[in-house]
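Heads up, the thing below is written out as C-alpha cells.
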Amino acid sequence: MLKVLENTVPVACWSCSVAHNESTLFCPDCSKIQPPSSGDFFSVFGLEHRLNIDLAALEQEFHRLSRRLHPDRFARASENEKDWSLADTALLNDAYRTLKDPLRRTEYLLKLEGAEMGVSAAAPSDAALVQNQEKIQNQQKTSRVPADLLGEVFDLNMQLEEMRMARKMGQEDPELKESLRQAKEKFVGLVGAVDRELRAQWTIWDGGDAAARQPAQQAMMALLDRRKYLSNLVRDVTEILGD
Ligand SMILES: [Zn+2]
C-alpha cells in the first residue's frame, strides 16, 4: 500500500497506473522507472520534511538508487526510459548532495517552507574572491556584523589589514601572527556554538506544530546568517596565516 508523504502529491505510474509519491524514482508496484518530477529532494528518498535525518540510511538509499539507475540497466529500455534514467540520476545526485550537508539541508528546507533567506546568503565564491578581493572586502565591511561581535570584528579587520601591509613589505610580525591565530581559534569556536544552536532548533522544528516552527525558522535563518559571516572571517584569517 502507498504510504503518502505529507510533502508530496500522489501520481499514477505511466506503465501500470498504480499511484505513488511524485518523486519516487521507481514504481513501488511494477518497478518501472518514473519520469523526474517536480517533487522535492526529501521525497526522492521517501522522507518527510525533517532536519534530523539518518545519514547512514540516506547514504545507503543513495547507493541503492544509483545502482538501479545505472545506464547498463537501461541498455534495452525504451528511449523515454533511457532519458528518464539520466534525468533521475541528476535529480538523485542533487538531492543527495543537498540533504547530506547539514547547512544545505537546513537552507533548502527553509526555502521549501517559504522562508526568505537573507541578502548575506549570497556568499561570494572562491573564484570571485581571487578575482575581486577589494570589492569583496568592502562587501564584507558593509554586510551585517553580528551586534555582539562589533568590537572583535573591528579589531580583527585592523589586524588583517596590518598583516597584509606587512606582507607587502616582505615583513613578518610573529606577535601579530600569534594574535591572529588566537582570533581564528575564537571564531572557529563561535562557528561551533552556532552549529550546536542550529541542531537544537532542528529538533524544535521537527517536533513542533506550525506555531512552534515559526520561531524556530526565524532562529535558524539568523543562525545561518551568523554562521556565514563567521565562516567568511575564519576563511580570511586562514588565508592570510597560510595554514
Ligand atoms: Zn507501475
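Take the sequence shown: its position 180, counting from 1, is numbered 182 in the working numbering, and each next residue is one higher.
Each residue gets a CB set at the ideal place from its N, CA and C atoms; glycine is no exception.
What you are looking at is a predicted structure, and each value in this text was computed from that prediction instead of being measured.
Apart from the five residues just before and just after residue i, which ones in its own chain have a Cβ nearer than 6 Å to its Cβ?
i	result
W204	L53 and N54
A14	A21
A130	In this prediction, A130 scores a pLDDT of 45, lower than 50, which makes its location untrustworthy; the coordinate-derived value is nonetheless stated afterwards. Result list for A130: empty, nothing under 6 Å.
H65	none
L49	none
L235	F189
A125	Because the pLDDT of A125 is 43, which lies under 50, any placement of that residue in the model is unreliable, and the number read from its coordinates should be weighed accordingly. K230.
N140	With a pLDDT of only 47 at N140, under 50, the local geometry of the prediction cannot be trusted, and the value read off the model is given with reservation. The answer is none, since no qualifying residue turns up.
L151	none
D128	Note on D128: pLDDT 48, under 50, position unreliable in the model; no value is reported.
Tell me the DSSP bridge mates of residue i?
i	result
V13	H22
I242	BP columns for I242 are empty, so no partner.
F28	I35
Terminal residues of the continuous alpha helix (DSSP H) containing residue i?
i	result
E8	Unbroken run through E8: none, as it is neither H nor E.
E50	Unbroken run through E50: none, as it is neither H nor E.
N159	L152 to K170
D208	P176 to G209
Please check the pair residue i and residue j, which I expect to be a contact at CB under 8 Å, by giving their CB distance rounded to whole angstroms.
i	j	result
C32	S17	5 Å
G41	S19	Not confirmed; about 19 Å, so no contact.
L71	S87	5 Å
Q36	F43	Going by Cβ atoms, the distance from Q36 to F43 rounds to 16 Å, so no, they are not a contact pair.
L232	L192	5 Å
P38	A97	Actually they do not touch by this definition, with Cβ atoms about 11 Å apart.
K186	V239	4 Å
L60	F76	24 Å between Cβ atoms; not a contact.
K102	L57	6 Å
P148	R228	5 Å
To which residues of the same chain is residue i closer than 8 Å at the C-beta, ignoring the five residues directly before and after it?
i	result
T108	L53, L200, W204, M222 and L226
K179	M165 and L243
V132	At V132 the pLDDT is 46, less than 50, meaning the model places this residue with poor confidence and gives no usable figure here.
R106	R99 and T100
D175	E164, M165 and A168
Which residues in the same chain as residue i place their Cβ atom closer than 7 Å to its Cβ, once the five residues preceding and following it in sequence are excluded?
i	result
I206	A214 and A218
L67	L27 and L94
T10	N23, E24, S25, G41 and S45
D208	R52, L53 and N54
(request) Could you name each continuous alpha helix (DSSP H) segment of 4 residues or more that falls completely within the segment 62 to 131, going from the start of the chain to the end? (result) The DSSP assignment places 81 to 102 and 104 to 114 as complete runs of the alpha helix (DSSP H) inside the segment 62 to 131, in order along the chain (cut-off: 4 residues).
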